[in-house]
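Below is one structure, written out as structure tokens, with a few remarks after it.
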Amino acid sequence: MFIGHYGVSLAVKRLRPSLSLGGLFLAAQLLDVLFCVFILLGVEKLRIVPGFTAYNPYDLYFMPYTHSLLGALLWAGAAALAVLLLWRAPAAAAALAGLAVFSHFVLDVPVHTPDLPLAAESTFKLGLSLWNYRFVALALELACLGAGLALYLSTSRPRTPSGRWLALGASAFLLALTCATPFLPPPPSPAAFAVQALGSYLALAALAVWLDRSRTLAPLPQGAPAGR
31 MFIGHYGVSL AVKRLRPSLS LGGLFLAAQL LDVLFCVFIL LGVEKLRIVP
81 GFTAYNPYDL YFMPYTHSLL GALLWAGAAA LAVLLLWRAP AAAAALAGLA
131 VFSHFVLDVP VHTPDLPLAA ESTFKLGLSL WNYRFVALAL ELACLGAGLA
181 LYLSTSRPRT PSGRWLALGA SAFLLALTCA TPFLPPPPSP AAFAVQALGS
231 YLALAALAVW LDRSRTLAPL PQGAPAGR
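Each residue of the sequence shown is one higher than the one before, starting from 31 at the first, in the working numbering.
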């Protein structure tokens, strides 16, 4: 899963407006950001095998530090602690930031081939292999993203006239990128994949910051969690 992860970011932003949407975009992709960095450092591995699945050509054969259940829990805990201590956010907001990080692992399980270990590389691996069914996996991506977008856009309003058009443009771009992803040509090498992916994550986080600044969220219903 790629763009679908951002549906969680949009939903968490609705629950805690004080959290940066750009930061939440990075949180939802933190495991992949770290995976790309670890590829460049030679710590984790992938092979590019055209036709490996119907959705993408990536044989993710060694990634226990970022994409194991244990690793995801530890990175989520570290992210929550950083938000709590470094940004001095309330505990509930920090917990939601950690949840955004861990949601990446949860949403990866249905689509990945069995390459998500419970802990070390030698432990049992999870993955329901929906990437072998291109349009089923694509429908799941669109459902996750669409739900987050619907929640965010239906409960926010533009700060300026241009905010409305930015929201529509950003939504259309994310939906189009989701649909295009399984048809893009493979990168020439794992390092090229890592560089391209990191650039994409940063660019999309910047788009989220821009969108965040252009819109304001309506107050939560009475009795709902506070916005800080």
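All C-beta atoms in this analysis are idealised placements derived from N, C-alpha and C, irrespective of residue type, glycine included.
Problem - Burial state of Arg77, where buried means 16 or more other Cβ atoms lie within 10 Å - result: exposed
Handout entry: 8 Å CB neighbourhood of Ser308 in its chain, flanking five on each side removed
Key = An answer regarding residue 308 cannot be provided, because it is not within the stretch 31 to 258 covered by the chain.
Exercise for the section: Might you give, ordered along the chain, the residues of its own chain that have their beta carbon closer than 6 Å to the beta carbon of Phe135, omitting 5 neighbours on each side? Expected result: Ala102
Problem - Which of helix, strand or coil DSSP assigns to Leu247 - result: In this structure, Leu247 counts as strand in the three-state DSSP scheme.
Practice task
Put Phe223 into one of helix, strand or coil per three-state DSSP.
Solution key: DSSP places Phe223 in helix when its eight states are reduced to three.
Practice task
Tell me whether Ala124 is buried or exposed, calling it buried when 16 or more other Cβ atoms sit within 10 Å of its Cβ.
Solution key: buried
Handout entry: Residues near Val113 by beta carbon distance below 7 Å, same chain, minus five either side
Key = Ala119, Ala123, Ala124, Ala127
Handout entry: Segment limits, beta strand (DSSP E) that includes Ile33
Key = Element bounds for Ile33: n/a, residue is neither H nor E.
Exercise for the section: Could you name the residues of the same chain whose beta carbon sits closer than 6 Å to that of Ala149, not counting the 5 residues immediately before and after it, in chain order? Expected result: Ser98, Leu100
Problem - Outcome for Ser244 when other beta-carbon atoms lying within 10 angstroms are tallied against a minimum of 16 - result: buried
Practice task
Hey, could you find the ends of the beta strand (DSSP E) Tyr95 is sitting in?
Solution key: Here Tyr95 belongs to no beta strand (DSSP E); instead the alpha helix (DSSP H) covers 94 to 97.
Practice task
Assess, as a yes-or-no matter, whether the region 79 to 93 is touched by the region 147 to 164 under the definition of 3 or more beta carbon pairs within less than 8 Å.
Solution key: yes
Exercise for the section: To the nearest angstrom, report how far apart Leu70 and Phe223 are at their CA atoms. Expected result: It is roughly 10 Å from the alpha-carbon of Leu70 to the alpha-carbon of Phe223.
Practice task
Specify, as a first and last residue, the run of the beta strand (DSSP E) that Pro188 falls within.
Solution key: 186 to 188
Handout entry: Cross-strand partners of Arg77 (DSSP beta bridge)
Key = Asp89
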